[in-house]
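Working notes for the structure below.
Residue numbers (this note's numbering): 971 to 1130.
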């Protein structure tokens, strides 16, 4: 059974969604590919304490790797991409091509980008750490301004 809550962040409200108590969604306001509200289940503000604590620590620059249990539902290829996203170290970036190479599919950078854009658990599965081949910011479902702010935040916090 699905439940959700909305929590504040420096990047606007975040909707957290859990399926049988396991986080399966983290969505920003105005996010591309955001499911309809009806799919989030009933609101329950008591189920997300661990996720909210980790997000608070992340936004305070104290947490660099999330440990909350996740339920990522997608195609096998999407799952492989999302797994690779979780391996990008805090404060670093990778290109779509580098991810495709790491997956053993060097010609699949466009498919990697599509899978990246369908990531259902933003921030925790750090799709914001993926950039274009020339270092440009491209294709972030939460908006390029948020992507830049998240990257700047991580790079700044990683210095301390």
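Note that the Cβ used here is the ideal one computed from N, Cα and C, for glycine as well.
To which residues of the same chain is residue i closer than 6 angstroms at the C-beta, ignoring the five residues directly before and after it?
| i | result |
| --- | --- |
| residue 999 | 982, 983 |
| residue 1125 | 1061 |
| residue 1041 | 989, 992, 994 |
When you compare each of the options to residue i by their alpha carbons, which one comes out closest?
| i | options | result |
| --- | --- | --- |
| residue 1103 | 988, 1111, 1069, 1013 | 1069 |
| residue 1002 | 1033, 1017, 1013, 1113 | 1113 |
| residue 1054 | 1072, 1040, 1015 | 1072 |
| residue 971 | 997, 978, 1036, 1011 | 1011 |
| residue 993 | 1039, 1028, 1066 | 1039 |
| residue 1051 | 1099, 973, 1016 | 1099 |
| residue 978 | 1008, 1121, 1109, 1023 | 1023 |
| residue 1059 | 1035, 1067, 1046, 1074 | 1035 |
| residue 1014 | 1076, 1077, 975, 1121 | 975 |
| residue 1092 | 991, 1004, 989 | 1004 |
What are the residues that DSSP puts in a beta bridge with residue i?
| i | result |
| --- | --- |
| residue 973 | 988, 1012 |
| residue 1100 | 1064 |
| residue 995 | 987 |
| residue 1091 | 996 |
Enumerate in chain order the residues of its own chain whose CB-to-CB distance from residue i is below 7 angstroms, with the five nearest sequence positions on each side excluded.
| i | result |
| --- | --- |
| residue 1048 | 1085, 1088 |
| residue 1021 | 986, 993, 1038 |
Exposed or buried, what is residue i when buried is set at 16 or more other beta-carbons lying within 10 Å of its beta-carbon?
| i | result |
| --- | --- |
| residue 1130 | Because residue 1130 carries a pLDDT of 46, less than 50, the predicted location of this residue cannot be relied on, and the following value inherits that uncertainty. Residue 1130 should be labelled exposed. |
| residue 1006 | exposed |
| residue 1116 | buried |
| residue 1106 | exposed |
| residue 1074 | exposed |
| residue 1064 | buried |
| residue 991 | exposed |
| residue 1046 | exposed |
| residue 1077 | exposed |
Taking 8 angstroms as the limit between beta carbons, can you name the residues of its chain near residue i, skipping five residues before and five after?
| i | result |
| --- | --- |
| residue 1056 | 1095, 1096 |
Check whether the Cβ of residue i lies closer than 8 angstroms to any Cβ atom in chain B.
| i | result |
| --- | --- |
| residue 992 | Looking for chain B here will not work: only one protein chain is present. |
Of all the alpha helix (DSSP H) runs that stay within the bounds of the segment 1011-1060, which reach a length of 4 or more residues?
The qualifying runs are 1019-1029, 1046-1055.
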